[in-house]
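Following: one structure in structure tokens, then a few remarks.
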Amino acid sequence: FNKQKLHSLVTERCYPDMVRGNRYKTIRWRFVESLEPPRVVHVRCDSIMNRGNLYGQVTVRMHSRQILAIYDRFGRLMYGGEEIPKDVLEYVVFERYLVNPYGTWRMHGKIIPDWAPPKDPIVKTVMIPGPALDPSQEHQ
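Numbering follows the UniProt record's numbering, in which position 133 of the sequence shown is assigned residue number 133; successive positions increment by one, without gaps.
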């Protein structure tokens, strides 16, 4: 994947959350349709450390239909599927450094409400160690 492009789209806080654990996985994601227009549900502006360090944050409610399939390093399906779209309700926080007039809005994180149903668990693959052999032995 393109690390520089991802860094330009997400904040430094969000980047590790997005890439953690994905090194040996294949992720296939597709946006199918928007079920409702995105809606801004919260806006805040805060100065961090001193008065000249202004950041703006916007929380956007997005209700869409998406397809997600995650495969392990051996090509086995771990999560989701490529055939059946799922309805997804997300609250995404975008952030912008307001002092820079040419700054862009970047994804800062997601808010998961308490009432949201839990995610489906990801099936983990593990290696089962075989018998330890001496170099002079042959495996039967």
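Cβ atoms here follow ideal geometry from the backbone N, Cα and C, with glycine treated the same way.
Predicted model only: the values in this text are computed from it and were never measured.
Sequence-distant residues of the same chain with beta carbon closer than 7 angstroms to residue 62, five excluded per side: Taken in chain order, the residues that qualify are 38, 90 and 92.
Just to confirm, is the Cβ distance from residue 30 to residue 70 under 7 angstroms? no
Assuming contact is defined by CB atoms lying nearer than 7 angstroms, are residue 96 and residue 11 in contact in what I supplied? At the C-beta level, residue 96 and residue 11 stay beyond 7 angstroms of one another.
Report the partner residues of residue 62 according to the DSSP bridge assignment. Residue 62 is bridged to 90.
Between residue 14 and the rest of its own chain, which residues show a CB-CB distance below 6 angstroms, the 5 nearest in sequence each way excluded? 107, 108 and 109
Which word fits residue 80, buried or exposed, when buried means at least 16 other C-beta atoms lie within 10 angstroms of its C-beta? buried
Could you name the residues of the same chain whose beta carbon sits closer than 7 angstroms to that of residue 64, not counting the 5 residues immediately before and after it, in chain order? 31, 33, 34, 35 and 88
Looking only at its own chain, which residues have a Cβ that is under 8 angstroms from the Cβ of residue 104, when we skip the five neighbours before and after it? 8 and 96
As assigned by DSSP and simplified to three states, the class of residue 8: helix
Residue of 26, 19 and 17 minimising C-alpha distance to residue 82: 26
Run of the alpha helix (DSSP H) containing residue 24, from where it starts to where it stops: Neither: residue 24 is in no alpha helix (DSSP H) and is coded neither H nor E.
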